[in-house]
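Below: the structure, in structure tokens.
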Amino acid sequence: MTLQADARLTRGQNLTSIQSYLLNEEARHPGATGNFTWVLSAISLSAKFIAARCRRAGIEQVLGEVGAENVQGESQQKLDVIANESLIRCLGSRPAVAIVASEENEEPLILQEAEPGCERPYVVLFDPLDGSSNLDVCGGVGTIFSILHHDRRAPNAAGSVLQAGVKQVAAGYVLYGPSTVLVMTTGHGVQMFVLDPSIGSFLLVNDDVRIPDGHRSYSVNEAYLQSFPEGYRNYLEWTKHNGYSQRYVGTMVADVHRVLMKGGVFLYPPSDKAPKGKLRLLYEANPMSFVMEQAGGKAFSGTERTMEIQPTKIHERTSVVMGSPSEVDRVLSFL
Ligand code: AHG
Ligand code: MN
Ligand code: MN
Numbered sequence: 002m003t004l005q006a007d008a009r010l011t012r013g014q015n016l017t018s019i020q021s022y023l024l025n026e027e028a029r030h031p032g033a034t035g036n037f038t039w040v041l042s043a044i045s046l047s048a049k050f051i052a053a054r055c056r057r058a059g060i061e062q063v064l065g066e067v068g069a070e071n072v073q074g075e076s077q078q079k080l081d082v083i084a085n086e087s088l089i090r091c092l093g094s095r096p097a098v099a100i101v102a103s104e105e106n107e108e109p110l111i112l113q114e115a116e117p118g119c120e121r122p123y124v125v126l127f128d129p130l131d132g133s134s135n136l137d138v139c140g141g142v143g144t145i146f147s148i149l150h151h152d153r154r155a156p157n158a159a160g161s162v163l164q165a166g167v168k169q170v171a172a173g174y175v176l177y178g179p180s181t182v183l184v185m186t187t188g189h190g191v192q193m194f195v196l197d198p199s200i201g202s203f204l205l206v207n208d209d210v211r212i213p214d215g216h217r218s219y220s221v222n223e224a225y226l227q228s229f230p231e232g233y234r235n236y237l238e239w240t241k242h243n244g245y246s247q248r249y250v251g252t253m254v255a256d257v258h259r260v261l262m263k264g265g266v267f268l269y270p271p272s273d274k275a276p277k278g279k280l281r282l283l284y285e286a287n288p289m290s291f292v293m294e295q296a297g298g299k300a301f302s303g304t305e306r307t308m309e310i311q312p313t314k315i316h317e318r319t320s321v322v323m324g325s326p327s328e329v330d331r332v333l334s335f336l
């Protein structure tokens with residue numbers, strides 16, 4: 002029986018799970034040990050676990066605050082803690098992960114001491130639950146992750162974590178919205194997967210995500226407008242006379258994902274409340290910048306390319322302007 006021409010599936014129509022996508026990529030790198038695949042599959046497993054918890058948050062009474070504050074001095078939501086624990090437990094079971102650093106932990110966690118000869122090549126940084134204040138109102142929330150090579154010459158765990166964004170080997174995010182979307186990059190473009198809850202698999206829906214250009218839309222919390230530096234205020238004033246729309250969820254993952262899908266620009270400028278900007282460089286700005294640049298966008302902190310900033314503290318903050326290249330250029334022209 003010969004395959005009819007129309008029966009052949011083009012690549013775009015194949016059913017590809019994230020596991021088969023990762024194994025396929027691994028097979029393309031002869032020297033690959035499979036460690037990297039393990040790390041990404043741990044993140045995908047944790048994302049499914051967190052998605053299930055978010056879907057039942059109100060029912061399981063895990064909404065609301067634990068009554069504790071995290072290292073950021075922000076009140077922790079119960080799901081922040083659950084998400085954090087699940088990532089640590091999923092990554093902890095993978096021998097390839099030396100260190101994890103989380104928004105919810107003051108110091109990096111050394112998961113296992115590197116046994117002699119057993120190279121522990123990766124450091125994984127994450128914001129386990131981004132936009133968690135939106136949980137109680139059933140708003141979109143996310144997980145953000147960034148993967149670096151473990152720098153064994155570093156004097157201590159923190160030293161290995163404090164690497165510039167250009168050193169990332171992979172990064173991405175999960176958006177827990179009407180569907181659960183996992184977007185990632187390993188430096189070869191951007192791939193997007195959607196969780197099919199009926200089979201518990203992330204399925205590939207786009208293997209080369211590109212950000213549209215020319216969409217007149219911006220995303221910022223304009224409540225702080227008066228305390229933004231003048232250049233940002235001039236840009237935002239200009240938009241009011243040039244046919245722009247404004248969208249803002251208050252979850253970076255949701256706001257940036259919309260910009261990635263539709264085009265436009267996401268901004269979190271310095272403000273009186275957050276003189277260096279509110280978003281954290283290592284596990285919010287850098288991973289989202291890596292995805293944005295790999296999709297043809299741009300990502301700056303003021304007039305500096307975000308991924309070139311040399312971090313000095315794990316939880317250091319930065320301002321953020323990221324999105325379509327022409328829109329980011331336009332914002333920069335006002336700074
Ligand atoms: P997190 O919940 O991990 O602390 O992140 C919240 C961040 C980010 O998701 C969002 O872009 C920003 O806070 C919103 O800040 P404002 O409420 O000041 O606009
Ligand atoms: Mn966050
Ligand atoms: Mn968070």
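Count the sequence shown with our numbering and you get residues 2 to 336, in order. We put the CB at the ideal spot given by N, CA and C, even for glycine. Bear in mind that the values here come from a model prediction, so they are computed numbers and not experimental data.
N- and C-terminal bounds of the alpha helix (DSSP H) containing E317: Note, E317: premise wrong, no alpha helix (DSSP H); not H, not E.
Strand pairing of I100, partner residues [DSSP]: In DSSP, I100 forms a bridge with I111, V124.
For the alpha helix (DSSP H) that M339 lies in, which residues bound it at each end? Only positions 2 to 336 of the chain appear in the structure, and residue 339 is not among them; the question remains open.
Between the alpha carbons of A52 and T186, how many angstroms are there, rounded? 21 Å
Is E328 close to ligand 2? I mean its beta-carbon at under 7 Å from any heavy atom of the ligand. no
C-alpha distance - T307 paired with P271, whole-angstrom precision: Looking at the two C-alpha atoms, the distance is approximately 14 Å.
Apart from the five residues just before and just after E137, which ones in its own chain have a Cβ nearer than 7 Å to its Cβ? Rather than Glu, the amino acid found at residue 137 in this sequence is Asp. For D137, where only same-chain residues beyond five positions count, the Cβ hits under 7 Å are L64, G65.
Taking the alpha-carbon of V254 as reference, which of G59, Y123, V292, G298 has the nearest alpha-carbon? V292
Could you tell me how far apart the beta carbons of A300 and E309 are, in whole angstroms, since I believe they sit closer than 8 Å? Between E309 and A300 the Cβ distance is about 10 Å, and since that is not below 8 Å, they are no contact.
Rounded to the nearest angstrom, what separates I60 and A171 at their Cα positions? Taking the CA atoms as reference points, I60 sits about 35 Å from A171.
C-alpha distance - H316 paired with V125, whole-angstrom precision: 14 Å
To the nearest angstrom, how far is the alpha carbon of S320 from that of G278? Linking S320 to G278 through their CA atoms gives a straight-line distance of about 4 Å.
Do you know offhand how far Y249's Cα is from D256's? 6 Å
Assuming A97 and V210 form a contact by the criterion Cβ under 8 Å, report the distance between their Cβ atoms to the nearest whole angstrom. That pair is no contact at about 26 Å.
May I ask whether a heavy atom of ligand 2 can be found less than 7 Å away from the beta carbon of M253? yes
8 Å Cβ cutoff met for L112 and A99: yes
Start-to-end residues for the beta strand (DSSP E) that takes in G324: 321–324
Stretch-stretch touch, CB-based, cutoff 8 Å, three pairs: the stretch 175–194 with the stretch 155–165: no
Bridge partners - G143, DSSP secondary structure assignment: D131, L176
Straight-line Cα distance separating D214 from N25: 31 Å
So what does DSSP say about A33, is it helix, strand or coil? coil
If you compare alpha carbons, which of Y233, E105, T17 is closest to G303? Y233
So, under 8 Å CB-CB, L204 and T17 are touching, yes? Tell me the CB distance rounded to an integer number of Å. 7 Å
Please classify S246: does DSSP put it in a helix, a strand, or coil? Correct three-state label for S246: strand.
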